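Residue numbers (my numbering): 16 to 84.
Even for Gly, the Cβ is constructed at its ideal location relative to N, Cα and C.
Here the structure is a predicted model, which is why all the values come from computation and not from measurement.
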Amino acid sequence: MDFRWSSSIWGGIGGALVGFFEVRGTAYVPTFTAPLLANHSLGFIIAMLVPCLVAFFVTLIVNQIKRAK
C-alpha cells in the first residue's frame with residue numbers, strides 16, 4: 016500500500032473545514048496568534064487540529080502495520 020498521497024487528502028479535509036466554518040484568517044503570523052486574528056477562532060482551531068491529528072494517527076497506524084510484517 017502506498018500512503019504518500021494521504022497528506023494531500025488530509026489537507027483537503029482541512030480546507031473543507033475552513034469552508035464549512037466560513038473561516039477568514041490572516042497569513043504570515045505566528046501559528047499561536049492566527050486563531051486570534053480569524054473571524055471564527057474555534058472553527059480555525061478545529062480546521063488546524065483535525066487534519067493534523069488524523070494524519071498523525073493514520074501514519075502511526077500504517078507504521079505499526081508495516082513494522083508488524
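Assuming residue i and residue j are in contact, meaning their beta carbons sit under 8 Å apart, how far apart are those beta carbons, in whole angstroms?
| i | j | result |
| --- | --- | --- |
| V44 | H55 | That belief does not hold up - the Cβ atoms of V44 and H55 are roughly 16 Å apart, past 8 Å. |
| I28 | V65 | 7 Å |
| A70 | S22 | 6 Å |
Classify residue i as buried or exposed, calling it buried when 16 or more other Cβ atoms lie within 10 Å of its own Cβ.
| i | result |
| --- | --- |
| V33 | buried |
| A42 | exposed |
| G26 | exposed |
| G58 | buried |
| A83 | exposed |
| A31 | exposed |
Does any heavy atom of the ligand SAH sit closer than 6 Å to the C-beta of residue i?
| i | result |
| --- | --- |
| G30 | Because no ligand of any kind appears in the structure shown, any question about the ligand SAH cannot be addressed here. |
**Study point:** Contained alpha helix (DSSP H) runs [length at least 4] in the stretch 34-84, N- to C-terminal order
**Key:** List check, alpha helix (DSSP H) in window: 56-83.
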